[in-house]
Amino acid sequence: MRTAKIACLFFIAVCISLPCYGQSGEASVSISPAVPRPGELVLLSIRVPRIAASEMEALEPELNGPLRFIGSYLRPLGDAAAASDGVEGSIIELRLLALSQGRAEISRLGYTVRGRPVYLGSYVVDIAPAQGSAGLSRPGSWLAPDSAYPFAPFIVRAVGPSGEALAIATPSVRGALFYPVGALPASSFLVSISGATGISLPAMELTVGSKLVRVDARTVDRRTLPAKVEETRAVGTWTVEARMLSHGDEAFVGDTVVVEGTARGVGSAAFAAPPRLRVIGPKQRSVPILQVGPSFGEFQVEGATLSGERSARVSFQAMEEGSYTIELEPYFWYDTSAQSERSASARKLSLRVKARVYDSWVPSEEERAVLEALIGADRAGSSGDKRRNATGRLADAARALLRGDALTALHEAKALERQFWPPREAFSLSGLALSALNLEPGSPEDALPPPFWFALAALPCAALVVVVSFRRRASLRAAGTKAKSLACGVFLALTAILCLCLIVMCVVSWAERSSERAIVLVPALRAVPDEGASSPFSVAPGSRAVIVSEGGSWLFLEFGDGRSAWIQAEHIGRY
């Protein structure tokens, strides 16, 4: 029995793979013209029988040499012989442009069938000299160094046989980045080696006036950098700096501190990595840090090189009192003029973390009487009932406010405010908690009144419609006539419409209160802004917000003043 199951599974796997791999083996490739000349369009056709065009997608091949990819076209084969088994074949036409004399390699030529790639190998195209180029005199050349350090820019120029500068479009070379010096077409380029090997500047044939100028290819070897510099990719001249974004030299326990590290330099500004930061807390213990967003920076062409900066932001939470030291790890860079490895360092930042002292809130006699009345009204506090009623929750919030825990009281009061039928005392308790936290009440969190009021108003309207409709039918039946009263019908219609509107408003109000809200529970929290924000900002305890999205242990909150930020989930209360 087990052998039969294995055989069935193997048969299914073979049947699934046959449409992609078995049929793709019959694909044929043709190149026309076989030996093109510079400037000619090369048509590469891939004929695939028995696979419909709707199931295929052309892949762009990798080109190495004087060939440029123009585009591709996929169409049905339109061959009766190919459609003899009921499935029409397909043909893929790739259009390539021959740029100059030389040999070009086409690798990873293929297509996909229902999302699965099928590769046909590599092909070589020899591009013949342009007509009339046999009688050319000595060729032009690339003015470039024999070797260069990776990531660092160097100048290259294409010149003719007499040394005259040639204005060309930006070349496309694997493993290199070209930056034109001036407007295109340019006679000079800044080039940076970005790959693991050297680069080959391509051979070209250009028409200058009425003459045809040929430029020979040239190879630039890649020099070796020290291993530590390969990590930072900093070549040239570099300095580093660390600065505090969210605090000065003091913070309080529980604060989230945001620090930025920046590397500035001249040379490999397009590739350099930002410096790394580390934080040493009290008792010389390492403090965990969290990167805030991706690294960022900018660079620009400056003469014969590039200049710019690269930065990264990290955050950490100060969880205990004492002194914190923020420093940059050694930033290694390579000095090309001295051909030696160097390291950059920055001034250490010091942060003193203290415990926050709060002003205690003392309720007035009237406020204390209100709170004690809420506590006295509690009838479920000692019953052991796990499903505490609103009176019990109000009493718990009042007890928390009397013992100085205004945040817990505000959280509970706000949660009761957003119920279907909120108790009246929840609003007064919320006002007392906001007063204890020195916060303004602000605008209402919900645009509509509680759903209960809409439901309460809809009930008499619905009852009136039912009673009037019943009595109207009874009177018509007793009179034995089908006459209708226009006034009564209009009254019933308007009442029914009003009832329906109230029901809709009740549903909308309930849906509005179903969206989850949050209240910040951590004093003096420093929020981490989203990538669009320029700097972190402070969020006072008791601030309310709408929960927009969640990401792991972080919540993205949108506050009433238009600001938004990522805050750790453990620092907020949901309601």
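In our numbering, the protein residues as written are 788 to 1362.
Note that the Cβ used here is the ideal one computed from N, Cα and C, for glycine as well.
Fair warning: this is a prediction, and the values are worked out from it, not measured in the lab.
Inter-residue CB distance, residue i and residue j (contact presumed, cutoff 8 Å)
i	j	result
Ser1055	Gly1023	6 Å
Val1002	Ala945	5 Å
Phe856	Leu850	6 Å
Arg895	Pro848	6 Å
Gly1052	Thr1026	7 Å
Leu1219	Leu1188	6 Å
Glu1108	Val1040	6 Å
Leu1115	Pro1062	5 Å
Arg728	Glu1204	No answer is possible for residue 728: the residues shown for the chain start at 788 and end at 1362.
Arg1139	Asp1036	6 Å
Ala1059	Thr1019	7 Å
Leu930	Ile955	Contact doesn't hold; Cβ gap of about 13 Å is too wide.
Lys1141	Ile1113	Contact flag wrong, Cβ pair sits at about 17 Å.
Residue range of the unbroken alpha helix (DSSP H) whose run includes residue i
i	result
Arg1155	Glu1152 to Gly1163
Gly1179	Ala1177 to Leu1189
Glu1199	Ala1193 to Glu1204
Glu1018	Ala1014 to Thr1019
Pair within 8 Å by beta-carbon distance, residue i and residue j
i	j	result
Arg1100	Glu1047	yes
Val1044	Ser1033	yes
Leu1216	Ala1245	no
Ser1098	Gly1080	no
Ala1182	Ala1193	no
Asp1236	Ser1296	Note that residue 1236 is Pro in the sequence shown, not Asp. A contact, by the Cβ cut-off of 8 Å.
Ser1130	Tyr1118	yes
Ala1305	Gly1360	yes
Ser1336	Gln1355	no
Pro825	Leu886	yes
Leu977	Val1088	yes
Ala1050	Ala1091	no
Phe1241	Met1292	yes
Val1252	Cys1286	yes
Tyr898	Glu813	no
Asp1042	Ala1105	yes
Arg1005	Thr984	no
Phe1103	Pro1069	no
Leu1279	Cys1248	no
Ser1344	Ser1351	The question names Ser, but residue 1344 in the sequence shown is Leu. Yes.
Leu953	Val912	no
Ile914	Pro989	no
Arg882	Gly858	yes
Tyr936	Pro1013	no
Gly927	Val1000	yes
Glu1212	Leu1161	yes
Arg1195	Ala939	Just to set this straight, residue 1195 is Thr in the shown sequence, not Arg. Their beta carbons are not under 8 Å apart, which means Thr1195 does not touch Ala939 by this criterion.
Where the beta strand (DSSP E) containing residue i begins and where it ends
i	result
Met991	Met991 to Val995
Glu1037	Glu1037 to Phe1039
Ile1354	Ser1351 to Gln1355
Tyr898	Gly897 to Val900
Gln1104	Thr1092 to Gln1104
Gly1360	Ile1359 to Arg1361
Glu1345	Trp1341 to Phe1346
Ser894	Gly889 to Ser894
Leu854	Leu854 to Pro863
Asp913	Tyr910 to Ile914
Leu907	Note, Leu907: premise wrong, no beta strand (DSSP E); not H, not E.
Ala814	First-last for Ala814: undefined, no H or E at that position.
Ser1033	Neither: Ser1033 is in no beta strand (DSSP E) and is coded neither H nor E.
Ser877	Ser877 to Ala885
Thr1006	Arg1005 to Arg1009
Ala1332	Arg1331 to Gly1338
Ser928	Ser928 to Leu930
Val1307	Arg1304 to Val1307
Val1022	That residue, Val1022, is in no beta strand (DSSP E); it is neither H nor E in DSSP.
Proximity test, residue i beta-carbon vs the ligand ATP heavy atom, cut-off 7 Å
i	result
Leu886	This structure lacks the ligand ATP; in fact it carries no ligand of any kind.
Any chain B beta carbon closer than 8 Å to residue i
i	result
Glu1018	Included in the structure is just one protein chain, with no chain B present.
Across the region 829-849 and the region 873-882, are there enough close Cβ pairs to call them in contact, namely three or more that are closer than 8 Å? yes
Whether or not the region 961-971 and the region 818-835 are in contact is what I'm after, with contact meaning three or more pairs of Cβ atoms, one per stretch, closer than 8 Å; do they touch? no
May I have a chain-ordered list of the alpha helix (DSSP H) segments no shorter than 4 residues that lie completely inside the region 946-995? If only uninterrupted alpha helix (DSSP H) runs of at least 4 residues are considered, none is enclosed by the region 946-995.
Let me know the beta strand (DSSP E) ranges lying completely inside the region 1113-1138, each 3 residues or longer, listed in chain order. 1118-1122 and 1127-1131
For the region 1047-1095, which segments carrying the beta strand (DSSP E) assignment without a break, of at least 3 residues, lie completely within its bounds, in sequence order? For secondary structure counted as the beta strand (DSSP E) over 3 or more consecutive residues, the region 1047-1095 holds these complete runs in sequence order: 1064-1067 and 1083-1089.
For the region 819-854, which segments carrying the beta strand (DSSP E) assignment without a break, of at least 3 residues, lie completely within its bounds, in sequence order? Taking only runs of at least 3 residues, the beta strand (DSSP E) segments lying wholly in the region 819-854 are 828-835, 843-845 and 849-851.
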